[in-house]
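S.K.: Residue numbers (our numbering): 73 to 612.
1. Within 10 Å of its beta-carbon, does residue 591 have 16 or more other beta-carbons around it, so buried, or fewer, so exposed?
2. To the nearest angstrom, how far is the alpha carbon of residue 386 from that of residue 392?
3. Quick one: Cα of residue 272 to Cα of residue 292, how far?
4. Enumerate in chain order the residues of its own chain whose CB-to-CB distance from residue 589 is below 8 Å, with the five nearest sequence positions on each side excluded.
5. Whose C-alpha, out of 229, 265 and 453, is nearest the C-alpha of residue 250?
6. For residue 440, which residues from the same chain have a beta carbon less than 6 Å from its beta carbon, with the 5 sequence-adjacent residues on both sides left out?
7. Please name the residue in 314, 557 and 354 whose C-alpha comes closest to that of residue 613.
8. Can you grab the Cα-Cα spacing for the pair residue 565 / residue 274, in whole Å?
9. Just to confirm the assignment, what range does the alpha helix (DSSP H) spanning residue 203 have?
10. Quick test of your reading: residue 266 and residue 77, contact by CB under 8 Å. State the CB separation rounded to the nearest angstrom.
11. With a cut-off of 8 Å on the beta carbons, I'd call residue 277 and residue 549 a contact; round off their distance for me.
12. Following the continuous alpha helix (DSSP H) through residue 387, name the residue where it begins and the one where it ends.
13. Which runs of the alpha helix (DSSP H) fall wholly inside the region 146-183 and span at least 4 residues, in chain order?
14. Do you know how far the Cα of residue 136 is from the Cα of residue 188?
15. Tell me which residues share the same chain as residue 140 and place their Cβ nearer than 6 Å to its Cβ, disregarding the 5 neighbours each side in the sequence.
16. Check each candidate in 351, 379 and 345 and name the one with the smallest Cα separation from residue 363.
17. Quick check: the Cα distance between residue 297 and residue 599, rounded to an integer number of angstroms?
18. Would the beta-carbon of residue 325 fall within 8 Å of that of residue 378?
19. Could you tell me whether the Cβ atoms of residue 158 and residue 123 are closer together than 8 Å?
20. In terms of alpha-carbon separation, which member of 247, 172 and 531 lies closest to residue 484?
21. Less than 8 Å between the beta carbons of residue 309 and residue 419, yes or no?
22. Classify residue 290: buried if its beta carbon has 16 or more other beta carbons within 10 angstroms, exposed otherwise.
23. How is residue 346 classed by DSSP in three states: helix, strand or coil?
24. So, at 7 Å on beta carbons, what are the nonlocal neighbours of residue 75 in its own chain, with the 5 sequence-adjacent residues on each side left out?
25. Within 10 angstroms of its Cβ, does residue 167 collect 16 or more other Cβ (buried), or is it exposed?
26. Could you say which of 147, 90 and 80 lies nearest to residue 449 if we only look at CA atoms?
27. Take every Cβ of the region 160-178, pair it with every Cβ of the region 333-347, and state whether three or more of those distances are shorter than 8 Å.
28. Residue 536: which of 165, 104 and 510 sits nearest, CA to CA?
29. Based on DSSP bridge pairs, tell me the residues matched to residue 126.
30. Apart from the five residues just before and just after residue 611, which ones in its own chain have a Cβ nearer than 6 Å to its Cβ?
31. Suppose you measure from the CA of residue 604 to the CA of residue 546; what does that come to, to the nearest Å?
32. DSSP on residue 307, reduced to helix/strand/coil?
33. Between which two residues does the alpha helix (DSSP H) harbouring residue 73 extend?
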């Protein structure tokens with residue numbers, strides 16, 4: 073059994089921020105599914121939205137966030153996050169993150185993205201996430217109070233009621249987690265005073281996504297099984313412009329390309345965005361993604377095109393070096409040619425419900441980053457607000473833990489029981505189920521939805537659930553089985569949330585309910601009122 077003050081599940085920007093802030097006074101253990109750098113934060117191209125110029129204001133940032141959020145953004149949360157932006161950027165700057173600078177003033181170079189009324193996106197060329205992640209990873213690895221378990225995946229949270237079988241207690245608390253070593257196949261028990269879920273999003277539940285393979289909804293699924301509420305899971309943001317190429321797995325063409333003048337075109341060269349929104353290419357992501365989806369389906373085409381070739385080659389190479397290099401590898405010279413693009417699942421606006429300190433419904437359990445539902449994004453996320461949210465709530469959780477003065481507790485936790493399970497005989501069942509799930513989620517629960525499609529998806533999920541439950545009960549757990557179990561759970565939560573929303577709002581567009589209701593309400597699901605998938609003890 074491993075013991076620590078704080079267990080952090082996930083190694084993206086939110087988790088690393090909390091780790092560095094906590095490590096001055098606490099022993100921190102980070103669990104990373106693969107290498108420390110394998111997270112969605114690493115892939116973030118755009119930047120961090122923050123009010124940095126005198127022409128801009130907190131009020132304007134909040135207003136833009138609320139407008140894109142479709143009436144479901146919590147104004148108090150938006151103000152809290154926006155007001156912390158400058159401080160968050162200063163912290164990263166003090167850690168020597170290599171942000172892009174204006175050549176004449178040497179101040180941060182601020183760019184503009186869809187939905188923003190001002191230039192307020194602080195960036196490191198077109199690879200901001202990579203630059204921040206590399207800087208923080210270096211600091212984390214060097215810190216004596218931080219232990220890192222790479223290539224380990226959390227199986228489930230350990231709670232007082234379920235794991236210690238203390239049924240009569242009124243309250244419940246998180247005591248740590250069971251963690252699988254991917255290389256040895258052994259499950260270890262981690263006891264922690266505080267546990268932070270920073271496990272990222274859910275986009276691998278879809279066939280096409282801009283996210284890395286680690287985005288399998290582990291944090292949301294584990295919190296749900298432990299009794300936490302989730303909210304707004306129906307709002308999946310589809311990024312409008314993912315590179316369309318057989319060898320370009322999950323490569324994002326950043327919003328900055330459109331922010332700096334990129335034009336969306338049909339194969340014949342005609343533009344179409346002005347027909348959908350007066351802001352054209354700079355409309356919010358939900359509008360642009362739906363427009364592209366509609367044009368592709370109407371015309372039977374595989375993709376549309378993004379054209380930045382009217383800008384000078386020097387400008388393109390200096391502003392978008394990562395995109396330029398990757399496209400060139402695939403035979404596309406973006407200084408002369410259009411970029412083929414399609415929408416792809418990008419970000420989950422819903423997640424585990426938290427307060428302004430990142431606390432969930434379960435005592436001593438926190439959720440931050442894309443795993444959490446804070447109320448910031450509402451029905452649609454404003455570009456570059458996600459990295460900002462990671463920084464602000466990563467810090468907020470650390471402050472809450474450091475100021476809580478919680479008495480330490482030393483529970484003797486039960487070890488993982490493998491006495492009644494055997495080695496899996498056919499892993500192909502897991503692979504096949506994973507592929508089937510991702511394909512029907514894309515077809516039935518994608519950018520445009522109908523009651524019939526959602527009903528069909530839920531029926532398939534229930535059938536697969538029974539198969540996977542039997543597998544989970546009888547065989548030793550594996551990395552793939554844990555992820556599939558979690559993906560099925562989040563798929564059900566997405567579909568149930570979508571069925572519950574009888575309107576079209578933000579990222580949720582239903583042909584059966586095309587109009588928007590007058591009153592905007594979040595969709596909240598509660599485990600105690602709901603049949604939770606696969607919520608059974610392993611080996612029982």
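Where a beta carbon is used, it is the ideal one built from N, C-alpha and C, also for glycine.
All of these numbers come straight from a predicted model, not from anything done at the bench.
M.R.: According to the structure data:
1. Counting from 1 along the chain shown, the entry for residue 591 is found at position 519. Result: exposed.
2. Your numbering for residue 386 matches position 314 in the chain shown. Your numbering for residue 392 matches position 320 in the chain shown. Cα-Cα distance, rounded: 10 Å.
3. Reading the chain shown from its first residue, position 200 is the one you call residue 272. Reading the chain shown from its first residue, position 220 is the one you call residue 292. Cα to Cα, residue 272 sits roughly 9 Å from residue 292.
4. What you label residue 589 is simply residue 517 of the chain shown in a count that begins at 1. So the qualifying residues of the chain are 574, 575 and 577.
5. By one-based count along the chain shown, residue 250 stands at place 178. Nearest C-alpha to residue 250: 229.
6. The count along the chain shown starts at 1 and reaches residue 440 at position 368. Answer for residue 440: 86, 270, 430, 465, 466 and 469, listed in chain order.
7. Absent from the structure is residue 613, since the part of the chain shown begins at 73 and ends at 612.
8. Position 493 of the chain shown holds residue 565. Position 202 of the chain shown holds residue 274. So the alpha carbons of these two residues sit roughly 11 Å apart.
9. Sequence index remark: in the chain shown, residue 203 carries index 131 (1-based). Looking at the DSSP string, the run of the alpha helix (DSSP H) that includes residue 203 is 200-214.
10. Position 194 of the chain shown, counted from the first residue, corresponds to residue 266. Position 5 of the chain shown, counted from the first residue, corresponds to residue 77. Their Cβ separation, rounded to whole angstroms, is 7 Å, which keeps residue 266 and residue 77 in contact under 8 Å.
11. Position 205 of the chain shown, counting from 1, holds the residue named residue 277. Position 477 of the chain shown, counting from 1, holds the residue named residue 549. Not a contact, Cβ separation roughly 20 Å.
12. On the chain shown, residue 387 is found 315 positions in, with the first residue counted as 1. 385-391 is the extent of the alpha helix (DSSP H) around residue 387.
13. If we require 4 residues or more, the alpha helix (DSSP H) runs fully inside the region 146-183 come out as 147-155 and 157-166.
14. Reading the chain shown from its first residue, position 116 is the one you call residue 188. Reading the chain shown from its first residue, position 64 is the one you call residue 136. Straight-line Cα distance between these residues: approximately 6 Å.
15. Looking up residue 140 in the chain shown gives position 68. Answer for residue 140: 187, 356, 452 and 454, listed in chain order.
16. Start at 1 with the first residue of the chain shown, and residue 363 comes out as number 291. Checked all of 351, 379 and 345; the closest Cα to residue 363 is 345.
17. Counted from its first residue, the chain shown places residue 297 at position 225. Counted from its first residue, the chain shown places residue 599 at position 527. Going by C-alpha positions, residue 297 is about 7 Å away from residue 599.
18. Sequence index remark: in the chain shown, residue 325 carries index 253 (1-based). Sequence index remark: in the chain shown, residue 378 carries index 306 (1-based). The answer is yes: Cβ separation under 8 Å.
19. Locating residue 158 in the chain shown gives position 86, where the first residue counts as 1. Locating residue 123 in the chain shown gives position 51, where the first residue counts as 1. Yes, the pair counts as a contact, with Cβ atoms nearer than the cut-off.
20. As a first step, residue 484 must be located in the chain shown, where it is residue number 412. Closest by alpha carbon: 247.
21. As a working note, residue 309 is residue 237 in the chain shown. As a working note, residue 419 is residue 347 in the chain shown. Cβ distance < 8 Å, so residue 309 and residue 419 count as in contact.
22. Position 218 of the chain shown holds residue 290. Buried: at least 16 other Cβ atoms inside 10 Å.
23. The residue labelled residue 346 in the question sits at position 274 within the chain shown. In the structure shown, residue 346 sits in a helix (DSSP, three-state: H, G or I).
24. If you number the chain shown from 1, residue 75 lands on position 3. Excluding sequence neighbours, residue 75 sits near 263.
25. Residue mapping note: residue 167 aligns to position 95 of the chain shown, counting from 1. Per the 10 Å Cβ criterion, exposed.
26. Taking the chain shown and counting its residues from 1, the one referred to as residue 449 is at position 377. When each option's Cα is compared against that of residue 449, the closest is 147.
27. no
28. Here the question's residue 536 lines up with position 464 in the chain shown. Per the C-alpha coordinates, the member of 165, 104 and 510 positioned closest to residue 536 is 510.
29. Taking the first residue of the chain shown as 1, we reach residue 126 at position 54. Under DSSP, no beta-bridge partner is assigned to residue 126.
30. Locating residue 611 in the chain shown gives position 539, counting from the first residue. Note on residue 611: pLDDT 40, under 50, position unreliable in the model; the coordinate value appears next. Taking C-beta separations shorter than 6 Å and ignoring five residues to either side along the sequence, the partners of residue 611 in its chain run 489, 492 and 493, following chain order.
31. By one-based count along the chain shown, residue 604 stands at place 532. By one-based count along the chain shown, residue 546 stands at place 474. In this prediction, residue 604 scores a pLDDT of 45, lower than 50, which makes its location untrustworthy; the coordinate-derived value is nonetheless stated afterwards. Straight-line Cα distance between these residues: approximately 19 Å.
32. To locate residue 307, count along the chain shown from 1; it is residue 235. Under the three-state reduction of DSSP, residue 307 is assigned to coil, being neither helix nor strand.
33. As a position in the chain shown, residue 73 is number 1, starting the count at 1. Here residue 73 belongs to no alpha helix (DSSP H), and DSSP marks it neither H nor E.
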